[in-house]
Amino acid sequence: MNATFDETAVDQKTLARLLDQGQLLLVRENEAGRLQRITGGILVERPPADVWNVIVDYRNYPRFMPSIEAAEIVADRGEVKDVRFRIKLK
Numbered sequence: 000m001n002a003t004f005d006e007t008a009v010d011q012k013t014l015a016r017l018l019d020q021g022q023l024l025l026v027r028e029n030e031a032g033r034l035q036r037i038t039g040g041i042l043v044e045r046p047p048a049d050v051w052n053v054i055v056d057y058r059n060y061p062r063f064m065p066s067i068e069a070a071e072i073v074a075d076r077g078e079v080k081d082v083r084f085r086i087k088l089k
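Heads up: the sequence shown begins at 0 in numbering that gives the first Met the number 0, then just goes up one per residue.
Printed below as a string of structure tokens:
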């Protein structure tokens, strides 16, 4: 089933219900039907601080994201990082 909706307008309860059913993947196309953006989500039952620590541990992305071969922080300005990812495409 294809469904299009504005993910920014989804309330927390609806989002939680969708995530309880498994991974959530939203695909947005432009007017010509070409891929514009993909947003994915999963439900992680850990404290927010634990999740954040994994999110900002860029160098370890290849351990749990199969399509990422390498990640390198190329600029570090405290809270803001520029990260270069090497991605393998099929």
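Using N, Cα and C, we set each Cβ at its ideal position, and we do this for glycine too.
Note that this is a predicted model, so its numbers are computed, not measured.
- Between residue 89 and residue 66, the alpha-carbon positions lie close to 9 Å from each other.
- Counting only the Cα atoms, residue 83 lies some 9 Å from residue 74.
- Under the rule that a run must span 4 or more residues, the alpha helix (DSSP H) segments found entirely inside the segment 7-32 read 11-19.
- Segment contact: the segment 38-46 against the segment 7-23, three or more CB-CB distances shorter than 8 Å; contact assigned.
- With contacts defined as CB atoms closer than 8 Å, residue 61 and residue 71 fail to qualify as a contacting pair.
- DSSP links residue 82 through a beta bridge to 72.
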